[in-house]
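In our numbering, the protein residues as written are 2 to 48.
As structure tokens, this is what we get:
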């Protein structure tokens with residue numbers, strides 16, 4: 002499932018992944034939070 006957040010109203014919507022979706026693009030979307038975390042990873046070392 003892909004979760005979409007509307008930039009105008011902030012609403013969430015779920016959309017199932019289907020067979021003809023671009024698999025490479027789906028993987029890029031999936032790993033983006035790992036490549037660009039929303040907080041500096043250096044702060045985790047201090048915990």
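By construction, the Cβ of each residue, glycine as well, lies at the ideal position given by its N, Cα and C atoms.
Integer-rounded CB distance, given that residue j should sit under 8 Å from residue i
i	j	result
residue 3	residue 18	6 Å
CA-to-CA distance, residue j to residue i, given in whole angstroms
i	j	result
residue 24	residue 45	32 Å
residue 20	residue 43	39 Å
residue 10	residue 47	36 Å
residue 36	residue 12	25 Å
residue 40	residue 8	21 Å
residue 38	residue 26	19 Å
residue 63	residue 16	One cannot answer for residue 63 here, as it falls past the ends of the chain, which runs 2 to 48.
residue 22	residue 30	12 Å
Neighbourhood of residue i by C-beta, 7 Å cutoff - its chain only, sequence neighbours within 5 removed
i	result
residue 14	5
Identity of the residues DSSP links to residue i by a beta bridge
i	result
residue 22	DSSP lists no partner for residue 22.
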